[in-house]
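Residue numbers (the working numbering), protein chains in the order written: chain A, 102 to 284; chain B, -9 to 251.
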């Protein structure tokens, strides 16, 4: 999901040095409008999550696995954002937007909207799990042969008759049949 | 014992170079190899090997004038080869049906017969393909080459010719190229080699020497050795033969060291 650049409030914070629930509390206090971007190194590739805030409340989430070209939205993304917040390696950036910008983001990305329950926001000990990445990896289905033939505009080639077939077709067909009315 | 057609449909994808150098690589592994130039119309296998005089050729065999054994010549590294003549005057008198018997005779006296197929899907190409029991398809990462490779695969399947694999040749790594995995899926065949565009192949061709002899360490030559190992059943997983030269590798090592310091 493309988000406006906004005004950087905090950049390059190391995930390991940030207590995520404390950050949520701080942004709530500030009635923050904007988003927190988490870029982490997964086991097999980079992942990026964005948690969007409206008046300090988390209202939408998006999470992308670049290697698998797989993006999650809403609650699924929120759970992954929490998981990323305790990753071994990664950085956190905080960008401020106007309230109108936040509302526009929500209007154009309805599937990302997710307002976590108070229980989901209650601080608890988080342990990073590779299960989320594994799930993204398993969702990657290799394209079928037919899909690839269409992709490269070769779908007709598959059904191309061989030269011999064409000769046989030609022999079976009397070119004068249409003119003479014979079959 | 094995007769393998090296086919692509499209011209200019590297069939002849692969036939010659794969033959040399197999010979170096102790196999008896006979290379046949079945490109009757546009013969150039002899030129690739740097051989210009061959008074008896596959043309004479296909005209019924001589036995195939009389058209076999000694090539480099113990490889034997059957050239095609460069004369166009005899083309009309040849009988393609004799090719299958000739290849069978050659297979009986060797471990591998590699047949350099003509481009296209016309009668000469089809007969060359049908004269073999197996086919090795060569393609480049472009739609036009892949389209013709599909036709070769269809023709092979229809004639019960076993596809031993695909050689993915002249790859540059450009993002618009058709990916190796996609080629494998479309052709329903395993890639035996992923060969980068290697300028040493052109240099060797200009010098009329097999690449394996002139540039034994170039990516193309290493790929040919890998394919040869796979054909004889040795464990050589298909891998990308990088186009990096020794200097590039040294620079990379230095960069790594500097990063560690």
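C-beta atoms are modelled at their ideal positions from N, C-alpha and C, and glycine is treated no differently.
Since we're looking at a predicted model, the values are computed, not measured.
Residues of chain B whose Cβ lies closer than 7 Å to the Cβ of residue 181(A) do not exist, since the nearest Cβ in that chain is about 27 Å away. Around the Cβ of residue 108(A), a 10 Å sphere holds fewer than 16 other Cβ atoms; the residue is exposed. If you draw a 10 Å sphere on the C-beta of residue 161(A), you find 16 or more other C-beta atoms in it, and that means buried.
Taking 8 Å as the cut-off between beta carbons, the residues of the stretch 167 to 187 of chain B near chain A are 168, 171, 172, 175, 176 and 178, in sequence order. By the CB criterion at 8 Å, residue 114(B) and residue 86(B) fall inside the cutoff.
Chain-ordered, the chain A residues with CB closer than 8 Å to the CB of residue 133(B) read 253, 254 and 255. When DSSP assignments are scanned along the stretch 123 to 160 of chain A, the uninterrupted stretches of beta strand (DSSP E) that are 3 or more residues long and fall wholly within it turn out to be 135 to 142 and 147 to 155.
About 28 Å separates the Cβ atoms of residue 139(B) and residue 47(B), ruling out a contact at the 8 Å cut-off.
One thing to note: residue 11(B) has its Cβ no nearer than 8 Å to the Cβ of residue 195(B).
Closer than 8 Å to the CB of residue 119(B) there is not a single CB belonging to chain A. The contact set of residue 137(B) on chain A, defined by CB atoms closer than 7 Å, consists of 255 and 258 in chain order. Interface criterion met: the Cβ of residue 246(A) is under 8 Å from a Cβ in chain B. Nearest to residue 141(A) by alpha-carbon distance, out of 217(A), 197(A), 132(A) and 230(A), is 230(A).
The Cβ atoms of residue 124(B) and residue -6(B) lie closer than 8 Å to each other. Setting aside the 5 residues that flank it on each side, residue 156(B) is surrounded in the same chain by 126, 127, 128, 129, 139, 173, 174, 177, 179, 180, 181 and 182, each with a C-beta closer than 8 Å to its C-beta; the list follows chain order.
In chain order, 165 place their CB closer than 6 Å to the CB of residue 172(A), counting only its own chain and leaving out the 5 sequence neighbours on each side. Residue 161(B) sits in a strand when the DSSP states are folded into three classes. For residue 192(B), the enclosing alpha helix (DSSP H) has its first and last residue at 189 to 196. By the Cβ-count criterion, residue 116(B) is buried, with 16 or more other Cβ atoms from all chains shown falling within 10 Å of its own Cβ. Counting along the chain, residue 125(B) sits inside the beta strand (DSSP E) bounded by residues 124 to 129.
Take the alpha-carbon of residue 149(B) and the one of residue 185(A): they are about 55 Å apart. If the five residues before and after residue 178(A) are omitted, its C-beta is found closer than 6 Å to the C-beta atoms of 162, 163 and 164, all from its own chain and listed in chain order. In this structure residue 208(A) is exposed. Its beta-carbon is surrounded by fewer than 16 other beta-carbon atoms within 10 angstroms.
Comparing C-alpha distances from residue 202(A) to each of 247(A), 103(A), 135(A) and 150(A) shows the shortest one belongs to 135(A).
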